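Asker: Structure incoming, see below.
Number of protein chains: 2
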Amino acid sequence: MSIAIENFVKAIYNNNSHDAHNTKPGNIAKKLGISSAAATDMAKKLAAKNLLDYEKYQELQLTDAGKKMALNVIRKHRLWEAFLFKMFDMSLHDIHKEAELLEHQTSDLLAEKISAFLGHPKFDPHGDPIPNEHGEITTTDTSIPLSEAEAGKNYIISRLTSDDKEFFEFCANQKLKYGNEITVSKQFQKNKMTELSVQNNTILLNEDFSNLIYVNAIN
Amino acid sequence: MSIAIENFVKAIYNNNSHDAHNTKPGNIAKKLGISSAAATDMAKKLAAKNLLDYEKYQELQLTDAGKKMALNVIRKHRLWEAFLFKMFDMSLHDIHKEAELLEHQTSDLLAEKISAFLGHPKFDPHGDPIPNEHGEITTTDTSIPLSEAEAGKNYIISRLTSDDKEFFEFCANQKLKYGNEITVSKQFQKNKMTELSVQNNTILLNEDFSNLIYVNAIN
DNA sequence: ATTAATATTTAAGCTTACTTAAATATTTTT
DNA sequence: AAAAATATTTAAGTAAGCTTAAATATTAAT
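If you're matching them up, the sequences are chains R and Z in order.
Counted the way this note's numbering counts, the first sequence spans residues 1 to 219.
Counted the way this note's numbering counts, the second sequence spans residues 220 to 438.
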């Protein structure tokens with residue numbers, strides 16, 4: 001299957017994985033940087049290939065085959081991220097961009113070699129789960145966005161969910177990394193800011209950023 | 220530039236690098252597995268982009284820009300080969316196939332990271348020279364095909380010039396690896412066979428294979 | 001030096017993956 | 001519930017990268 005098709009099913013899967021209501025052609029088109037017309041066209045073509053269900057004006061729904069394809073690409077993406085992160089001194093954003101390209105040109109064999117080399121990791125450097133070779137995600141995610149965390153409690157950063165360069169640069173500078181421990185000191189209700197401390201730094205986050213950072217409470 | 224274009228200039232460069240007379244559209248077409256008509260079309264298009272000189276019925280000649288592009292792709296190919304060879308237990312043939320895909324999806328930045336990690340190697344696992352980041356090959360090749368080696372002399376294997384799976388499997392089994400020392404025991408003139416020994420094995424090669432293995436004499 | 005065999009080029013056509021513009025349907029607002 | 005705003009779909013068209021078949025040129029053989 002082509003790169004365009006792989007990116008299409010991946011975009012649907014990613015848009016669909018948490019909430020489930022932004023997979024109309026227009027949403028996917030925006031994510032991929034193509035026109036809505038192109039997305040509608042592609043949706044029809046992929047429906048014919050049995051990768052998704054298409055009904056006019058409805059949300060696009062991946063079939064099992066479509067999900068499997070998406071998860072296979074996502075697996076390769078996240079394995080590359082984990083691998084490049086371990087091997088080279090590169091920013092999360094640069095790593096993401098490389099993985100975005102390499103994911104489509106990686107055999108299942110090479111993916112397995114990378115996975116084995118890394119000890120079959122369950123998460124990538126953003127904390128996103130890595131599907132196994134059968135396209136299954138075996139971990140259950142109990143994390144919540146930082147915007148919903150409770151003041152006075154401690155958390156571990158479990159996911160950084162963004163592709164944005166500025167976001168990653170900010171996180172890197174402020175030690176907001178996957179696996180790091182933080183303490184939420186205050187949630188400002190009116191202006192929706194979150195105050196927290198990491199490694200003796202106090203940081204104030206607006207809602208945009210605190211929604212992109214997922215955390216797990218420490219018992 | 221597209222993958223098709225990168226492969227096209229690469230094929231011309233490779234066909235042209237030793238001898239210089241098999242770069243007509245038909246030769247390139249055969250190498251790329253496309254029709255001659257498609258190759259002629261592409262040649263005209265690339266001439267318009269100033270990547271090569273095209274004259275009807277003549278050999279295709281890369282311009283400086285075309286050579287630079289070819290060498291940039293070849294650099295990435297050979298860096299990937301060296302990297303995968305070092306990191307993973309994979310056959311030379313499999314490594315070649317992966318590199319053939321990855322070479323087109325690798326930023327200059329990542330290529331530099333790989334090169335630095337490997338200590339800026341000058342050769343890939345086949346013994347082919349790795350161009351530097353400016354597209355220059357700084358090593359001079361004094362090797363000769365094994366078919367032209369002298370009986371009774373010792374040599375170091377300097378290049379294995381093939382993409383063929385059977386060839387690589389044979390070489391791997393017979394310890395015919397880049398850098399290994401061999402002794403040529405006899406050249407059979409009539410049937411063009413070469414007899415040699417590697418690590419206490421005696422091997423008889425036909426012309427097909429002895430032309431693909433390049434060696435350097437040991438003083 | 002013709003003829004025969006090959007190779008290259010031209011021409012017409014196809015598929016993929018887009019585009020823009022217009023038509024149509026859905027959603028939101030009032 | 002109708003009007004306004006928004007989104008989706010349809011239609012027509014484009015560029016890249018191929019194909020096959022026919023025309024033309026080159027190369028090899030007699």
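Cβ coordinates follow ideal geometry from the N, Cα and C atoms, glycine included.
Remember, it's a predicted structure, so these values are computed and weren't measured experimentally.
Name the chain Z residues that come within less than 9 Å of Ser-107 of chain R, Cβ to Cβ?
Answerer: Asp-313, Lys-316, Glu-317 and Leu-320
Asker: Tell me which residues share the same chain as Lys-86 of chain R and place their Cβ nearer than 7 Å to its Cβ, disregarding the 5 neighbours each side in the sequence.
Answerer: Leu-118
Asker: Taking Ser-221 of chain Z as the reference, which of Z:Phe-386, Z:Ile-247, Z:Ile-363 and Z:Ala-289 has the closest Cα?
Answerer: Z:Ala-289
Asker: Leaving out five residues before and five after Glu-367 of chain Z in sequence, what residues of the same chain have Cβ atoms less than 8 Å from its Cβ?
Answerer: Nothing listed; no residue qualifies.
Asker: How many Å lie between Ser-326 of chain Z and Glu-274 of chain Z at the Cα?
Answerer: 33 Å
Asker: Suppose you measure from the CA of Asn-27 of chain R to the CA of Gln-58 of chain R; what does that come to, to the nearest Å?
Answerer: Straight-line Cα distance between these residues: approximately 12 Å.
Asker: Based on DSSP bridge pairs, tell me the residues matched to Ala-436 of chain Z.
Answerer: Z:Tyr-374
Asker: By the criterion of Cβ-Cβ separation under 7 Å, what are the contact partners of Lys-113 of chain R in chain Z?
Answerer: Phe-307 and Met-309
Asker: Would you identify the three-state DSSP class for Leu-60 of chain R, choosing helix, strand or coil?
Answerer: coil
Asker: Give the C-beta separation of Gly-371 of chain Z and Val-403 of chain Z to the nearest angstrom, bearing in mind that I take them to be a contact with Cβ-Cβ under 8 Å.
Answerer: 7 Å
Asker: Using a 10 Å radius around the Cβ and a threshold of 16 neighbouring Cβ atoms, would you call Ala-48 of chain R buried or exposed?
Answerer: exposed
Asker: Quick one: list the residues of chain Z neighbouring Phe-117 of chain R, beta-carbon separation under 9 Å, in chain order.
Answerer: Met-306 and Phe-307
Asker: Run down chain Z in chain order and give the residues with a C-beta less than 7 Å from the C-beta of Leu-110 of chain R.
Answerer: Glu-317
Asker: Which of the three DSSP states is assigned to Pro-25 of chain R in this structure?
Answerer: Note: Pro-25 of chain R maps to helix in three-state DSSP.
Asker: Compare the Cα-Cα distances from Gly-346 of chain Z to each of Z:Ser-310, Z:Leu-365 and Z:Lys-396 and report the closest residue.
Answerer: Of the listed residues, the one whose Cα sits closest to Gly-346 of chain Z is Z:Lys-396.
Asker: DSSP three-state label for Phe-389 of chain Z, please.
Answerer: helix
Asker: Hey, out of Z:Ala-318, Z:Phe-386 and Z:His-323, whose CA is closest to Leu-110 of chain R's CA?
Answerer: Measuring from the Cα of Leu-110 of chain R, the nearest candidate turns out to be Z:Ala-318.
Asker: I'd like to know whether the C-beta atoms of Ile-437 of chain Z and Asn-373 of chain Z end up nearer to each other than 7 Å.
Answerer: yes
Asker: Taking the beta strand (DSSP E) that Ser-36 of chain R falls in, what are its first and last residues?
Answerer: Unbroken run through Ser-36 of chain R is the alpha helix (DSSP H), 36-48; no beta strand (DSSP E).
Asker: Taking the Cβ atom as the reference point for each residue, do Leu-60 of chain R and Val-9 of chain R lie within a distance shorter than 7 Å?
Answerer: no
Asker: Quick one: residues in its chain with C-beta nearer than 7 Å to the C-beta of Gly-398 of chain Z, no 5 flanking neighbours on either side, listed in chain order?
Answerer: Excluding positions up to five away in sequence, the list reads Ile-375 and Ile-376.
Asker: Using DSSP bridges, identify the partner residues of Met-412 of chain Z.
Answerer: Z:Phe-407
Asker: Per DSSP, which residues does Phe-342 of chain Z bridge with? Please list them.
Answerer: Z:Pro-348
Asker: Please state if the CB of Ile-114 of chain R and the CB of Phe-83 of chain R are separated by a distance shorter than 7 Å.
Answerer: Closer than 7 Å, so yes.
Asker: DSSP on Asn-16 of chain R, reduced to helix/strand/coil?
Answerer: Three-state DSSP puts Asn-16 of chain R in a helix.
Asker: Just reading off the alpha helix (DSSP H) that Ile-314 of chain Z is part of, what are its end residues?
Answerer: It spans 311-321 - the alpha helix (DSSP H) in which Ile-314 of chain Z sits, taken as one unbroken run.
Asker: DSSP three-state call for Glu-150 of chain R: helix, strand or coil?
Answerer: coil
Asker: First and last residue of the beta strand (DSSP E) that includes Leu-424 of chain Z?
Answerer: 420-424 is the extent of the beta strand (DSSP E) around Leu-424 of chain Z.
Asker: What are the boundary residues of the alpha helix (DSSP H) that includes Glu-112 of chain R?
Answerer: 108-117
Asker: In whole angstroms, give me the CA-to-CA distance for Ser-362 of chain Z and Pro-25 of chain R.
Answerer: 58 Å
Asker: From Val-198 of chain R to Gln-174 of chain R, what does the alpha carbon distance come to, in whole angstroms?
Answerer: 8 Å
Asker: Are there 16 or more other CB atoms within 10 angstroms of the CB of Gly-33 of chain R, so buried, or fewer, so exposed?
Answerer: exposed
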